[in-house]
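Take a look at the structure below.
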Amino acid sequence: MAPSSLKRKAQKSNEDDKLKRSKGTIDSFFSPQVSIASKVSNHHTVKLLAVTLNAEQTMVYRMVVNEGKSVFFTGPAGMGKSLLLQVIIQALGEKYLHNKEAVAVTASTGIAASNIGGPY
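Residues in the sequence shown are numbered consecutively from 63, following the numbering used here.
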């Protein structure tokens, strides 16, 4: 009988899931947790949301807010670009509270602009 060409896969264990979850916990421990303002419906009520940035978001956040660098960041849908941009805008708004013209934000599409609260 000829050997089968099908390869067996190792069964996934609960330990694998535990390791992945613990790594995420360690990463989030070293990532800053920031609060962002979120508008609620048309009542213009603002509430603060606690957000934890991942390692890449933290790096971009620090480059912009702490080091004053201009950056371009991109990525696929659902990666947290708009969230990161909202956090950066809020932090810079607080940093330059007395000089509103010190901060300029651009977005390459109308959807991106509206997602971060800008005009169309």
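Every residue, glycine too, gets a C-beta built ideally from N, C-alpha and C.
Small disclaimer: the values here were computed from a predicted structure and weren't measured.
With respect to Lys157, Val122 sits apart: the two C-beta atoms are not nearer than 8 angstroms.
The beta carbons of Val165 and Leu145 sit about 18 angstroms from each other, so the pair does not count as a contact at 8 angstroms. Val133 sits in coil when the DSSP states are folded into three classes, being neither helix nor strand. In this structure Ile150 is buried. Its beta-carbon is surrounded by 16 or more other beta-carbon atoms within 10 angstroms. Its chain contains Met125 as the residues whose beta carbon lies nearer than 7 angstroms to that of Lys131, once the 5 sequence neighbours on both sides are disregarded; these appear in chain order. For Ala153, the uninterrupted alpha helix (DSSP H) segment begins and ends at Lys143 to Lys157. Annotated three-state conformation of Thr120 is helix, per DSSP. Annotated three-state conformation of Val113 is strand, per DSSP.
Shortest Cα-Cα distance from Val133 to any of Gly142, Leu147 and Gly155 involves Leu147.
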